[in-house]
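Residue numbers (my numbering): 2 to 178.
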């Protein structure tokens, strides 16, 4: 897991770093590699197919309790549940996609805070209100939920991201640049 604050990582900038997901159909490794590269790590590699393919090819895998145990994932809400809750104002909805993705279409009244900016814009995320995060599908949403939970926010992830929202034909807002 990548720490929320990369400055706390004690690896040399030229260290070889491999990132991977537990399954083949996960975008988290790509996102993690991008964050590491933006933080100045030059030798970052993504394990194609994740640990699942690694194991299928017969390569060794070690496990142990050397690190901090992973926390449970953020609770998940369906697009239908989020749509029903929008009217009541029960949640603050945060879209963690890029500004250009957001302007092309987003959930009504959603706030755009791209994942890369989340740490520096935490003040915009209300501490006393439940938060729903989403992205295109789910990978960035999961990462955002982890960051926000690490800062004491009560957060839910919208399962399937905006693609699930679109599939249900719920309304979108479009921003003008």
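Using N, Cα and C, we set each Cβ at its ideal position, and we do this for glycine too. Source: prediction; values computed, not measured.
For residue 138, the CB contacts under 6 Å within the same chain, skipping 5 residues up- and downstream, are 162 and 164 in chain order.
In this structure the stretch 165 to 177 does not lie against the stretch 142 to 149, because fewer than three pairs of beta carbons, one per stretch, are closer than 8 Å. With a threshold of 16 other beta carbon atoms within 10 Å, residue 167 falls short and is exposed. The closest CA to that of residue 30, considering only 120, 44, 50 and 128, is found on 50. Here residue 103 carries a helix assignment [DSSP, helix/strand/coil].
Residue 21 counts as buried, since no fewer than 16 other beta carbons sit within 10 angstroms of its beta carbon. Separation of the CB atoms of residue 131 and residue 91 is rounded to 7 Å, and the pair is thereby assigned contact status at 8 Å. Looking at the backbone, the Cα of residue 80 and that of residue 157 are separated by about 12 Å. The beta carbon of residue 106 lies closer than 6 Å to those of 173 and 175 in the same chain, with the five residues before and after it left out. Distance from the CA atom of residue 35 to the CA atom of residue 103, rounded to whole angstroms, is 19 Å.
Sequence-distant Cβ neighbours of residue 76 in its own chain, meaning closer than 7 Å and more than five residues away, are 157.
Judged by their CB atoms, residue 37 and residue 47 are not nearer to each other than the 8 Å cut-off. Listed as beta-bridge partners of residue 44 by DSSP are 17.
Per DSSP, the beta bridge partners of residue 159 are 78. If you look at residue 95, you'll find it in the beta strand (DSSP E) that goes 92 to 96.
Remark: C-beta atoms of residue 98 and residue 154 do not approach each other more closely than 8 Å.
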